[in-house]
Amino acid sequence: MEILVCVKRVPDTAENEIEVKSDGTDIERDDLVYSVNEWDNYAVEEAIQIRDNVGGSVTVVTVGDDESEEVLRREMAMGADNGVLLSDSAFEGSDGRGVAAILKAQADAGNYDLILCGAQADDGAGQVGGMLAAMLDWPYASLVNHIEIVDDKKIKVGREIEGGNQELNEIELPCVLSIQTGINEPRYVGIRGIRKVASVEIPVKGASDLGLDPATVGEAGAKVKRLDYFVPELGEGAEILEGSMEEKIEKLIELLKAKGGLK
Amino acid sequence: MAQIFAYIVHKGGVIDDTAAELAVAAKKIDASSAVTAIVTGSGADLDTVCQEAAKLYPEVWKFDNQALAYPNAEVIRKLLVDVLPKDAVFLVPHDTFGMDLGPGLSIKLDVPYVPDVIEIEAADGSTFKMVRQEFSGMAHTHVACDLGSGGVITPRPGVFQPEEGAAEAGGKVTDKSGEAGDLSARRRFLEVVEAEVGDVDITKADVLVSIGRGIEDEENIELAEELAEAMGAVVSCSRPIVDAKWMEKSRQVGTSGQTVKPKVYMAMGISGSFQHLGGIKGSPFMVAVNKNPKAPIFQVADVGIVEDILEFMPEMTEKIEELQ
Ligand SMILES: Cc1cc2nc3c(=O)[nH]c(=O)nc-3n(C[C@H](O)[C@H](O)[C@H](O)COP(=O)(O)OP(=O)(O)OC[C@H]3O[C@@H](n4cnc5c(N)ncnc54)[C@H](O)[C@@H]3O)c2cc1C
Ligand SMILES: Cc1cc2nc3c(=O)[nH]c(=O)nc-3n(C[C@H](O)[C@H](O)[C@H](O)COP(=O)(O)OP(=O)(O)OC[C@H]3O[C@@H](n4cnc5c(N)ncnc54)[C@H](O)[C@@H]3O)c2cc1C
Numbered sequence: 001m002e003i004l005v006c007v008k009r010v011p012d013t014a015e016n017e018i019e020v021k022s023d024g025t026d027i028e029r030d031d032l033v034y035s036v037n038e039w040d041n042y043a044v045e046e047a048i049q050i051r052d053n054v055g056g057s058v059t060v061v062t063v064g065d066d067e068s069e070e071v072l073r074r075e076m077a078m079g080a081d082n083g084v085l086l087s088d089s090a091f092e093g094s095d096g097r098g099v100a101a102i103l104k105a106q107a108d109a110g111n112y113d114l115i116l117c118g119a120q121a122d123d124g125a126g127q128v129g130g131m132l133a134a135m136l137d138w139p140y141a142s143l144v145n146h147i148e149i150v151d152d153k154k155i156k157v158g159r160e161i162e163g164g165n166q167e168l169n170e171i172e173l174p175c176v177l178s179i180q181t182g183i184n185e186p187r188y189v190g191i192r193g194i195r196k197v198a199s200v201e202i203p204v205k206g207a208s209d210l211g212l213d214p215a216t217v218g219e220a221g222a223k224v225k226r227l228d229y230f231v232p233e234l235g236e237g238a239e240i241l242e243g244s245m246e247e248k249i250e251k252l253i254e255l256l257k258a259k260g261g262l263k
Numbered sequence: 264m265a266q267i268f269a270y271i272v273h274k275g276g277v278i279d280d281t282a283a284e285l286a287v288a289a290k291k292i293d294a295s296s297a298v299t300a301i302v303t304g305s306g307a308d309l310d311t312v313c314q315e316a317a318k319l320y321p322e323v324w325k326f327d328n329q330a331l332a333y334p335n336a337e338v339i340r341k342l343l344v345d346v347l348p349k350d351a352v353f354l355v356p357h358d359t360f361g362m363d364l365g366p367g368l369s370i371k372l373d374v375p376y377v378p379d380v381i382e383i384e385a386a387d388g389s390t391f392k393m394v395r396q397e398f399s400g401m402a403h404t405h406v407a408c409d410l411g412s413g414g415v416i417t418p419r420p421g422v423f424q425p426e427e428g429a430a431e432a433g434g435k436v437t438d439k440s441g442e443a444g445d446l447s448a449r450r451r452f453l454e455v456v457e458a459e460v461g462d463v464d465i466t467k468a469d470v471l472v473s474i475g476r477g478i479e480d481e482e483n484i485e486l487a488e489e490l491a492e493a494m495g496a497v498v499s500c501s502r503p504i505v506d507a508k509w510m511e512k513s514r515q516v517g518t519s520g521q522t523v524k525p526k527v528y529m530a531m532g533i534s535g536s537f538q539h540l541g542g543i544k545g546s547p548f549m550v551a552v553n554k555n556p557k558a559p560i561f562q563v564a565d566v567g568i569v570e571d572i573l574e575f576m577p578e579m580t581e582k583i584e585e586l587q
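Below is the structure:
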């Protein structure tokens, strides 16, 4: 099975405090620690497991800049066979639709049976996978937490729905799936693994290599424009307890007693 | 202004809370528009759902077909592409169905898609400014988009709260089932597998000590268990703890886990994503302990403490034990 996995380089929210710049044009990006979008790691792990079971290859692709190459290398160190970087100044300012259109061009250039995306990335949008599927006119399932290969024409997928219930579907290949966290346990990648793929050539493709009209992607093609970042005026929020650790705990215990949280 | 449509999520003959919320969101786009509710399904329950929808919307379009018995987004997308007018503005909640339907529908209708919206403001003519959150709620953004030729918007569930005691819309139900075209799809629904029941029922607990990614390591869960024991509480958790297989799925609080209604909720090292908060009902007294003073959880908690939970929890356990 030929599998394409779409991955995005994102600021690691577990590692960083995200601060909005004072002029609201962006977040403070200096000193941010970046990593692969959490959901995409699960997608790559799943692709590797499928390949190891039924044969084929795994290609990881990202739309980004030079620095995005590092996430491709990381996923190749996990076990993906190939990496492709889609990069061009014409891609800047793309909305989700633009990113999907760029990825579609890569999909058209290959011969994939299965495309995996993450369920969502740092924008919390969860849009690229479903858009890509519709552009390719392939069937789609989101929030996939189980994949079973039936034969080379169809697969069975579980979708995670409300309450932790699972919706089982049969879906024809080729198809696009967006992967939910928890579907597997992504393997650990050590420094040594990264070093092994450090010198592998990663092809870079721009708009003309992909046969893309620059007017359909980037800022020019965006139907939705991000205007600013801001910090909302908040309501009262929590009463923050001050003092030493001991004082905070004492205050909390008093409050909890009053609320029935402590006998 | 374009005609606005709202997709009604329902299950077992009962309409979802989001049905009323979408009506509120629609009013923010056009207060004078007669918004149409779209109800799809099959069988006897469907009329009950339509009656309920008609209390909220002046127009209800009913699509009754065996192929719509389960809401398969791939099938419903085909239906919508056939029946929606060219410049429709279509609202569907940002839940597991809306996330499945929305992106692809926007491509097929060739209209803008604005996901997970928490506020809608009129800007200029048919251009709207909408508020979204990024980076797990740590930053807010305004996005602009022209809805003049239609759009697909997925409002976040629970945000657009209807006013109490609003007048009933007294809507008209029109059976549009005959307008459905081919409803076959290359994805077929098989069955729903219910979540497994765990050894501990967190939904019955009065006090929950709930741990998130801030627990850092599986070994540290002990610290939460000791605190819970001292407090007479039960340990629950956020999703990453279950994804890491450190706790059972039945302990997960949130939209894709359990819905809990405790008196006291102690969020330990949890950032406060809407999917997590969506599983906490009944306005418990919420305590958040987090080492990041800007963590979004502090906006919703009653009491906040900026500390490292790995130091905080054992000290609190000790203090409670001293008092006993
Ligand atoms: C409403 C809205 C308006 C926006 N407006 C602007 C704007 O005006 N200017 C601007 O610069 N940006 C803008 N963005 C951000 C930009 O469009 C995002 O990079 C893009 O939407 C994809 O990221 P996402 O987080 O939305 O992806 P999601 O759809 O949440 O991600 C799901 C999956 O899609 C795949 N994927 C996502 N991005 C990539 C990628 N780059 N390469 C490979 N695979 C990928 C991954 O598999 C990922 O797990 C906007 C985003 C939104 C939601
Ligand atoms: C469709 C869908 C459904 C989902 N359903 C659910 C659901 O049901 N339940 C759920 O929980 N999530 C759910 N999620 C995931 C959700 O979006 C978040 O990713 C998740 O809730 C984050 O969990 P967290 O707060 O534990 O982790 P993070 O967001 O990583 O937050 C960790 C927090 O701990 C703090 N911290 C770190 N170390 C320490 C320390 N030593 N001491 C104190 N504080 C510390 C950090 O400052 C941070 O605020 C769902 C996502 C999707 C897409």
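Keeping their order, the protein sequence lines are chains G and X. Numbering-wise, the first sequence is residues 1 to 263 according to our numbering. Numbering-wise, the second sequence is residues 264 to 587 according to our numbering. Every residue gets a Cβ at the ideal spot worked out from N, C-alpha and C, and that includes glycine. Since the model is a prediction, treat every value here as computed from it, not as a measurement.
- Item | Residue of 224/G, 165/G, 5/G minimising C-alpha distance to residue 391/X | 224/G
- Task: Compute the Euclidean distance between the alpha carbons of residue 77/G and residue 36/G, then round it to the nearest angstrom.
- Result: Distance between the alpha carbons of residue 77/G and residue 36/G: 13 angstroms.
- Message: Pop quiz: residue 272/X and residue 279/X are said to be a contact at Cβ under 8 angstroms. What is the actual Cβ separation, rounded to whole angstroms?
- Response: 4 angstroms
- Once you ignore the five residues that flank residue 564/X on each side, which residues in its own chain have a CB closer than 7 angstroms to its CB? The beta carbon of residue 564/X lies closer than 7 angstroms to those of 530, 549, 550, 551 in the same chain, with the five residues before and after it left out.
- Test: residue 127/G CB closer than 8 angstroms to a CB of chain X: yes
- Query: Under 8 angstroms, do residue 323/X and residue 435/X count as touching if we go by C-beta distance?
  - Reply: yes
- Message: So, at 7 angstroms on beta carbons, what are the nonlocal neighbours of residue 450/X in its own chain, with the 5 sequence-adjacent residues on each side left out?
- Response: 335, 337
- Message: Considering only heavy atoms of ligand 1, does any lie closer than 7 angstroms to the CB of residue 62/G?
- Response: yes
- Task: Assign residue 512/X to buried or exposed, taking buried as 16 or more other Cβ atoms, counted over all protein chains shown, within 10 Å of its Cβ.
- Result: buried
- Query: Can you find a CB in chain X that lies within less than 8 angstroms of the CB of residue 218/G?
  - Reply: no
- Query: Can you list, in chain order, the residues of the segment 410-444 of chain X whose Cβ is nearer than 8 angstroms to any Cβ on chain G?
  - Reply: none
- Task: Output, in sequence order along the chain, the residues in the segment 236-251 of chain G whose CB is closer than 8 angstroms to any CB in chain X.
- Result: From the segment 236-251 of chain G, only 237, 238, 239, 240, 241, 245, 246, 248, 249, 250 have a Cβ closer than 8 angstroms to chain X.
- Message: Does the CB of residue 77/G have a neighbour CB from chain X at under 8 angstroms?
- Response: no
- Is residue 152/G close to chain X, meaning its C-beta is less than 8 angstroms from at least one C-beta of that chain? no
- Message: Is there a C-beta anywhere in chain G that falls below 8 angstroms from the one on residue 405/X?
- Response: yes
- Message: Tell me which residue opens and which closes the alpha helix (DSSP H) that residue 369/X is part of.
- Response: 361-372
- Message: Suppose the cutoff is 7 angstroms on Cβ atoms and the five residues either side in sequence are ignored; what does the same chain contact list for residue 88/G look like?
- Response: 206, 207
- CA-CA distance, residue 16/G and residue 172/G? 40 angstroms
- The beta strand (DSSP E) enclosing residue 265/G, as first and last residue numbers: Here chain G comprises residues numbered 1 to 263, so residue 265/G is not present and cannot be evaluated.
- Shortest alpha-carbon distance to residue 120/G belongs to which of 26/G, 85/G, 19/G, 131/G? Of all alpha-carbon atoms in 26/G, 85/G, 19/G, 131/G, the one lying nearest the alpha-carbon of residue 120/G is that of 131/G.
- Message: Taking DSSP's pairing of strands, which residues face residue 409/X in a bridge?
- Response: 390/X
- Task: Consult DSSP for residue 509/X and reduce its assignment to one of helix, strand or coil.
- Result: coil
- Would you verify that the beta carbon of residue 59/G is, or is not, closer than 8 angstroms to some beta carbon of chain X? no
- Message: If I measure Cβ to Cβ from residue 378/X and keep anything under 7 angstroms in the same chain, skipping five residues before and after, which residues do I get?
- Response: 357, 365, 417
- Item | Boundaries (first-last residue) of the alpha helix (DSSP H) holding residue 31/G | First-last for residue 31/G: undefined, no H or E at that position.
- Spatially closest choice to residue 414/X from 155/G, 97/G, 68/G, by CA coordinates: 97/G
- Is there a Cβ from chain A that is less than 8 angstroms from the Cβ of residue 494/X? Absent from the structure is chain A; the protein chains it does hold are G and X.
- Item | Whole-number beta carbon distance between residue 311/X and residue 367/X, since they are thought to touch under 8 angstroms | That pair is no contact at about 29 angstroms.
- residue 562/X Cβ short of 7 angstroms to ligand 2 heavy atom set: Answer for residue 562/X: no, Cβ out of range of ligand 2.
- Should residue 415/X be counted as a contact of ligand 1 given a C-beta to heavy atom distance under 7 angstroms? no
- Query: Name the chain G residues whose beta carbon is nearer than 7 angstroms to that of residue 454/X?
  - Reply: 168
- Taking only beta carbons into account, state which residues of the segment 469-492 of chain X come closer than 8 angstroms to chain G, listed in chain order. Look at the segment 469-492 of chain X: the residues with a C-beta under 8 angstroms from a C-beta of chain G are 469, 470, 476.
- Query: Are the CB atoms of residue 407/X and residue 386/X nearer to each other than 8 angstroms?
  - Reply: yes
- Item | Span of the alpha helix (DSSP H) around residue 577/X | 572-586
- Are the segment 135-151 of chain G and the segment 79-93 of chain G touching, with three or more C-beta to C-beta distances below 8 angstroms? no
- Indicate, with yes or no, if ligand 2 has a heavy atom lying under 7 angstroms from the CB of residue 420/X. no
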